[in-house]
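Residue numbering for the sequence shown follows this note's numbering, beginning at -11 and increasing consecutively. A virtual CB, placed ideally from N, CA and C, is assigned to each residue, including glycine.
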Amino acid sequence: MDGWPVEMEAAVEFGEYLSYFGPLCVVISRNDQRVSWSGDEDPDDAALDLTRPPMVFMAAPSEPFARIVEFTLPGDLPAAELVAQARQLLAAGRSAALAAVCDDSTCSICGEAYPRAHLLTPSRAVEMLLCPLCIFDGDVFDADLVHLATQINELEFADLAVPAGWSAMGALLACAAGDGLVERMHATAQRGGVAFLAYERWSDPGAAWIWLPAAEQRPAALRHLGPGARLDVLVDAVDAAYPHLRQRVRTTQNDSWQELIGAEKGPAVGPEPDRFIASLWPVIIGIVVAFTAQALERPTRQAPLAQDRGALDALRRYWPQIASPYEVEDAMAMVEIGLDIVAETLFGTPQ
Ligand SMILES: [Zn+2]
């Protein structure tokens, strides 16, 4: 669906095809035509009236007991109409969910107010409530990044009002991690005794769901997208509209590295290797877009990335937890430099 991440269940259960389109749970069935059940019904069973359209049920969030929006559309609507209605209803649900939250707690480090349910704990052993930016703060000594990832996954599944920036921090972990992140997330959840199912986007970070600012508050390059989009779709749109942006970040990062090395070693004796990490380019775009959406959705609060930018410093300490194949210093320099350049280009303001 139009730039959204899609995950399909492999098997039909109780006559329903179940799939996930970003935060929307989508169920296709003809269960309005059944009078009895065995458990392995197929919606395309010839015993049913296949001349009638199936029902397309959509709901968000995916957690059945936390739903804010639920609607059913006839399955014979043109695909473009289904997509348009899904976009509109999800955006309305997101607005309703945001309007209903109450900032009844604060992050223990930055002091920003958030709903208690949206704050995260740095590890199973530490009960401090923090925003995800502060989990990387140097004041937290025993954060567990895999535990952080599992909490973000849970919130995305169960809460339609989750702050937009949280998913970008998840995308940072997914893009930076080496192999086995999903397995470690399952093991962490299992140790905590909770049932857990990781979205596929943790092993395919291009499929991460990123909430977007309202259409009129976006750069023209992103106006054609719905209320959110896959991270790789955002990256393609930004790269197409600003073809020199990636290279500008790369050059600035490499120049700043040269300056640093020059100050330490004297004149360079040969070309330095490229410090830019192409796999982390989506992280910069995801963070800028998602945290800008969050700032616009919560206009009375401080813009999240305006807070202490040393917040990512602790990445150095925690980097081994996600078995990243990338140099942490290069990653940090790239994100730091890239956030300002990309934010200024897309939204006219440095972060
Ligand atoms: Zn905080």
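Nearest candidate by alpha-carbon position, reference residue 63, set 87, 86, 57, 19: 19
Tell me, please, which residues DSSP counts as bridged to residue 216. 199
Could you give the residue range of the alpha helix (DSSP H) that holds residue 280? 269 to 285
Any heavy atom of ligand 1 inside 7 Å of the beta-carbon of residue 97? yes
Looking at ligand 2, does it come within less than 7 Å of residue 203, judged from the CB to the closest heavy atom? Of the ligands this structure carries, namely ligand 1, none is ligand 2.
Pair every Cβ in the region 236 to 245 with every Cβ in the region 187 to 203, then say whether three or more of these pairs are closer than 8 Å. no
With a threshold of 6 Å on Cβ separation, who are the neighbours of residue 307 within its own chain once the five nearest residues in sequence on each side are excluded? 316
Which runs of the beta strand (DSSP E) fall wholly inside the region 297 to 322 and span at least 3 residues, in chain order? none
Beta-carbon proximity list for residue 309, same chain, < 6 Å, skipping 5 on both sides: 133
Curious, which full-length beta strand (DSSP E) runs of at least 3 residues does the region 70 to 138 contain? none
Of the residues 334, 215, 37, 208, which one's Cα is nearest the Cα of residue 202? 215
For residue 143, which residues of its own chain have a beta-carbon under 6 Å away from its beta-carbon, when the five flanking residues on both sides are left out? 150
Under 6 Å Cβ to Cβ from residue 45, same chain only, skipping five residues before and after it: list those, please. 15, 60
Contact check, residue 271 vs residue 330, beta carbons under 8 Å: no
Following a CB-centred definition, is residue 115 positioned closer than 7 Å to any heavy atom of ligand 1? no
Could you say which of 183, 120, 112, 7 lies nearest to residue 100 if we only look at CA atoms? 120
Could you pull the start and end residues of the alpha helix (DSSP H) that residue 152 belongs to? 152 to 164
Which same chain residues end up closer than 6 Å to residue 176 when comparing Cβ atoms and leaving out the 5 residues on each side of it in sequence? 134, 135, 138
When you measure from the CB of residue 143 to every non-hydrogen atom of ligand 1, does any distance come out below 7 Å? no
Look at residue 267 and residue 321 and say whether their C-beta atoms are less than 8 Å apart. no
Distance between beta carbons of residue 319 and residue 164, contact taken as under 8 Å: 6 Å
Residue of 218, 87, 35 minimising C-alpha distance to residue 285: 87
Taking the beta carbon of residue 223 as the centre, do at least 16 other beta carbons fall within 10 Å, making it buried, or is it exposed? buried
Rounded to the nearest angstrom, what separates residue 74 and residue 261 at their Cα positions? 46 Å
Under 8 Å, do residue 7 and residue 43 count as touching if we go by C-beta distance? no
C-alpha distance - residue 105 paired with residue 84, whole-angstrom precision: 17 Å
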